[in-house]
Every structure is written in C-alpha cells, then in structure tokens.
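K.L.:
Take this structure, written in structure tokens, and hold onto it; I'll ask about it next.
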Amino acid sequence: MKGIEDLIELVEWVRRLENNVEDAVHSSSEDTVVSRDFEIFFNRFLYFMLQFDLKEYPVNLFHWLKLLKKPLKDWWPAAANLLDEEGISSDFIILDDEIGLSEEAEELLREYKSYQEASAKVVRDVLIHCRDVSLEKGLDMQWSYTKFRLFLIKNPVTNIEAMELYCLENDFDHFLTSSLENCYEDIPPSSAFKCQSCGWTLHEKTKNVFVCIKQQCLRSYDVSSLNHYEITEAEQLRVKESIQFSTVIPGQRELELKRKLVKSGAAIELYPDLERLGDLRVRRAGEKAGSEELLIDVKDYRNAKQLAKKLVTDHAAGLVKTPVIAVPDDKANSRYLKFVNKRLVEMGINSCKVYSFKQVVRMFKELSSDGAQLFEVKENIHVY
C-alpha cells in the first residue's frame, strides 16, 4: 500500500457521489449518470480491496455499503493502522447514515489534500515578496505583511469595497493588493450562514443540516443561534478554503494567545522579522527593543502524533524557529503535551518544547513579577 494517499483517494470517490452512494446502490441496474459513476467507483473500490488483507470482503453491493458505515478497524485493519500512525482514531468511518460522507472523512480530505496542496501559495508568495523588497530596496515590509495577514484572519467573509479601502489605508503596493484579492472568491448562492467559531460559510450537508469545514468548530456550534450568523448582502466574498485552513484558522489561534498575553501585561509583535522568528515576539509592556523577549510559534494540530511528526521533520530540516511551541488549551491536555515532549527528547531534540496557552501565560506572569528575570533557561528552553 502506498500510504495514506490510497485511503484518501477512496474517500474522494465517496465524496464525489456524496449522498448518491446509497441511491446508486439501490438503483445500480439503471442506466443513469449516477449509476455509471457508481459502477466506476465500485470497480475502483474492489481493485483496492484485492491488494489488502481485509477482515471482511464485500459479497455484494449492500454488504459493501454496510462496510463503509463501519469503523475501519473492523474490516480494513491496514487502513486503520495507517490512521493510527497519523494520530487519527481507528474508529474512523467513511459514510454516516444521516449526513453522507462522515465528518472525520471530510476532515481527513481537507487536512491531507486541500491544506497540503495549497498551504496558501498566495500567502507564501506575499511573504517572499515582502522579504525580497525588504532586502533589495531596504524598505521595512513588516507592517505591510502583518496587516495583510490580519485582514485575512479577521475577515473570512468581506466585500470588495472593504478590501480596497483597507489596501489604500495601509498603502499596499500593487502586488499585495492583487494578492489579497486573489485570496477571495464569491460566496456561493447556497451559503446562507457563517460559522460562529471560525467565521467561514457553513455548508448545508443535508436538508437543514449545516456544518463547518472545520470539524472542531462543531463543538462550539449552536444551531439555535444560527439566525444571528446570517450572511448579509454586504458580505459577498469569502476566503478560499485552502487559505481558511492554512492561514485564517491558525491565525485566529495566534490572536487568541496574543489576547491572553496582552491581558497579562505583555507587549506582542506578530510575525517578527517576517516570520523568521516565529509567530509572536513577547516582551513586558513598555520594554524597548533589545530587552529580554520570548519567541513563540503557535501550532494548532488536532493530535499529538501529527505535531510530534511535524516538529521532528522541521528540526531535521532546520525549520524550527522558536524555543517555545504553543498549542491551544482545547487540544493541549497533559497527555498530549507529554507525548510530544517525550518524542522530542527521544529524538535528541532539546531546542524546543511544547506548552499549552495556559502554561505560556503562567510562565510570563511568574517570570515578570517582582522584577524577576523575564525568561530563564528552564527545562532546556533557550533564552532569546
């Protein structure tokens, strides 16, 4: 098996048919577009199955449909093991009785496809542009780059007039202006509501069932308040899905940590030295540049295994930017932190350590009280 990509390809076929999967099974003898697509899909599925040691093979179409609704570990252990290696529950199912493609399958597609394919090329190009202009022309592009990212983070939905005004007010050059416009697309006519957590448009999964593209948003999703999050006539554009995942949602967590630290008396600079020094530079409020500071990179990974794998890979490539890696509190429980930090130690990595947002704030409060040294060398964390 090539890897997780094979499972993703299978899930993509299910997504292509979406709720028509069951219709196709029950009307497979008819010569329709759905049935023909389904026949191609089902033959593809059988081809996959012949390559693996399954606990249970589909004996007919109805049995096959039943398998898609069962946890992978119960019938396709090889795929379940792959998911486990990536930190994803082996209770993963592909089809849900009520909403078609399951939420975890949707999440898998986005994390391994749209996120990886894009990782927001437009935003990366803007970063490269700002660095190049800074080096070649000696211009300080820090303000422009930070403002560019902040508009995206704070405006998952917007309109062209607000965007153009923002570009003028912040004196964006032509490249930045056109790049910002390229980050957005028209809101589909079918989209009527916004997610109250991340601000992007909700998708009507089935009739009167609205979901967000980010599975974790469902935890804070209150259906009863849906009418308070209607898309207005003035809101005509939304950021593209890849940018919502790679820039907006992570950026919202960065601003969350910034608010917590500012409330505790910190002065924060976002994306210092055009991201060469991480996501946040932290000083005591009122301290001048050159005083003690802490550099933080925020990581919003759903599970510990994925974060550990990312940090080990980045360390090997020399891409770890900061000594402190901060993870949102809703993910960073003691088990999560212990797993990642233990893995880093096992790999001989002592130049960074993972903390929860609460721990980072507590560290700042303790070390900045009574004139104490702001950041000491603690548990192999380097001072900057």
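Heads up: the sequence shown begins at 1 in UniProt numbering, then just goes up one per residue. C-beta: ideal position from N, C-alpha, C; glycine also.
Work out the CA separation of V123 and T247 for me, nearest whole Å.
P.N.:
Counting from one through the sequence shown, the residue named residue 247 turns up at place 247. Counting from one through the sequence shown, the residue named residue 123 turns up at place 123. Rounded to whole angstroms, T247 to V123 spans 8 Å at the Cα level.
K.L.:
For M347, count neighbouring C-beta atoms within 10 Å of its own C-beta (all shown protein chains included) and say buried if the count is 16 or more, exposed if not.
P.N.:
Start at 1 with the first residue of the sequence shown, and residue 347 comes out as number 347. M347 should be labelled exposed.
K.L.:
Give the straight-line distance between the Cα atoms of N333 and M363, rounded to the nearest whole angstrom.
P.N.:
One-based indexing of the sequence shown puts residue 333 at position 333. One-based indexing of the sequence shown puts residue 363 at position 363. Using only the alpha carbons, I get a separation of about 17 Å.
K.L.:
Excluding the 5 residues preceding and the 5 following Y184 in the sequence, name in chain order all residues of the same chain whose CB lies nearer than 8 Å to its CB.
P.N.:
Stepping through the sequence shown from its first residue, residue 184 is reached at position 184. Contacts found: T158, M163, L237, R238, V239, K240.
K.L.:
Could you confirm whether any beta carbon from chain C is found closer than 8 Å to the beta carbon of D53?
P.N.:
In the structure shown, chain C cannot be found, because there is only a single protein chain.
K.L.:
According to DSSP, simplified to helix, strand and coil, what is V39?
P.N.:
Within the sequence shown, residue 39 is the residue found at index 39, counting from 1. A small correction: the amino acid at residue 39 is Glu; Val does not occupy that position in the sequence shown. Here E39 sits in helix by DSSP.
K.L.:
Could you give the distance in angstroms between the alpha-carbon of E204 and the alpha-carbon of V211?
P.N.:
Numbered from its first residue, the sequence shown carries residue 204 at position 204. Numbered from its first residue, the sequence shown carries residue 211 at position 211. Answer to the nearest angstrom: the Cα atoms are 6 Å apart.
K.L.:
Relative to the alpha-carbon of F148, which residue among L280, K263, L127, D132 has its alpha-carbon at the smallest distance?
P.N.:
By one-based count along the sequence shown, residue 148 stands at place 148. Of L280, K263, L127, D132, the residue nearest in Cα terms is L127.
K.L.:
Where does I128 sit, in a helix, a strand or coil, going by DSSP?
P.N.:
As a working note, residue 128 is residue 128 in the sequence shown. Helix at I128.
K.L.:
From the DSSP secondary-structure annotation, give me the bridge partner or partners of T158.
P.N.:
Counted from its first residue, the sequence shown places residue 158 at position 158. DSSP output for T158 lists L237 as bridge partner(s).
K.L.:
Sorted by chain position, which residues of the same chain lie with C-beta nearer than 8 Å to V11's C-beta, five sequence neighbours on each side aside?
P.N.:
Here the question's residue 11 lines up with position 11 in the sequence shown. The answer, listed in chain order, is I94, L101, A105, L108, L109.
K.L.:
Of all the options I213, K258, G199, which has the alpha carbon lying nearest to the alpha carbon of T232?
P.N.:
Residue 232 sits at position 232 when you count from the first residue of the sequence shown. Of I213, K258, G199, the residue nearest in Cα terms is G199.
K.L.:
If I measure Cβ to Cβ from N341 and keep anything under 7 Å in the same chain, skipping five residues before and after, which residues do I get?
P.N.:
Walking along the sequence shown from the start, residue 341 turns up at place 341. The residues are K353, V354.
K.L.:
Just the Cα atoms here: how many angstroms apart are P323 and Q252?
P.N.:
Counting from 1 along the sequence shown, the entry for residue 323 is found at position 323. Counting from 1 along the sequence shown, the entry for residue 252 is found at position 252. C-alpha separation (whole angstroms): 21 Å.
K.L.:
Would you kindly report the start and end of the unbroken alpha helix (DSSP H) that includes A105?
P.N.:
Counting from one through the sequence shown, the residue named residue 105 turns up at place 105. A105 -> alpha helix (DSSP H) spans 103-109.
K.L.:
Nearest CA to the CA of V360: which residue from I349, L344, V327, F339?
P.N.:
Position 360 of the sequence shown holds residue 360. Answer by Cα proximity: V327.
K.L.:
Assuming L274 and M141 make a contact with CB atoms under 8 Å, what is their CB distance in whole Å?
P.N.:
The residue labelled residue 274 in the question sits at position 274 within the sequence shown. The residue labelled residue 141 in the question sits at position 141 within the sequence shown. With a Cβ gap of about 7 Å, L274 and M141 count as contacting.
K.L.:
What is the residue span of the beta strand (DSSP E) that E275 lies within?
P.N.:
As a position in the sequence shown, residue 275 is number 275, starting the count at 1. Note, E275: premise wrong, no beta strand (DSSP E); not H, not E.
K.L.:
Measure the alpha-carbon distance for L50 versus N60 and round it to whole angstroms.
P.N.:
Along the sequence shown, one-based indexing puts residue 50 at 50. Along the sequence shown, one-based indexing puts residue 60 at 60. Going by the C-alpha atoms only, they are around 15 Å apart.
K.L.:
Are the CB atoms of K358 and D330 nearer to each other than 8 Å?
P.N.:
Within the sequence shown, numbered from 1, the residue matching residue 358 stands at position 358. Within the sequence shown, numbered from 1, the residue matching residue 330 stands at position 330. Taking 8 Å as the Cβ cut-off, K358 and D330 do not qualify as a contacting pair.
K.L.:
Verify whether the separation of the beta carbon atoms of S144 and N170 is less than 8 Å.
P.N.:
As a first step, residue 144 is located in the sequence shown; it is residue number 144 there, counting from the start. As a first step, residue 170 is located in the sequence shown; it is residue number 170 there, counting from the start. Taking 8 Å as the Cβ cut-off, S144 and N170 qualify as a contacting pair.
K.L.:
Does the distance from the C-beta atom of A267 to that of E287 stay below 8 Å?
P.N.:
Along the sequence shown, read from residue 1 onward, the residue named residue 267 stands at position 267. Along the sequence shown, read from residue 1 onward, the residue named residue 287 stands at position 287. The answer is yes: Cβ separation under 8 Å.
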